[in-house]
Amino acid sequence: MQMCPDCDRVYDESEYTSCPYCSGELDEDMSGTKIKDCPECGCIMYWDGCWECSNCDCTIDTDEDDYDSILE
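Quick note, in the working numbering, the sequence shown goes up one by one and the last residue is 59.
Laid out in structure tokens, this is it:
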């Protein structure tokens, strides 16, 4: 097993020549993840100690229970 220095995910280097997550070959299962709509740009915000937008630099300092929906 090897940890990718770019995304910090672990993958089996005997099966992949480079990180399958960074290359898009494998996707992390995001079902059940709480998300929030970004008030600045309308993209998705993910919880990481605070709400952080996946598109812009917007953060919201509320708790994890302040979400808009859950990914299925």
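Where a beta carbon is used, it is the ideal one built from N, C-alpha and C, also for glycine.
None of these values were measured; they are calculated from a predicted model.
- For a cut-off of 8 Å, the C-beta gap from Y33 to E39 is around 6 Å, short enough to register as a contact.
- Judged by DSSP secondary structure, M17 falls outside any beta strand (DSSP E); it is assigned neither H nor E.
- The alpha-carbon separation between I31 and M(-12) amounts to approximately 31 Å.
- Cβ contact annotation for I57 (same chain, cutoff 8 Å, sequence separation greater than five): G19, T20, K21 and I22, in chain order.
- In the structure shown, S56 falls within a strand segment according to DSSP collapsed to helix, strand and coil.
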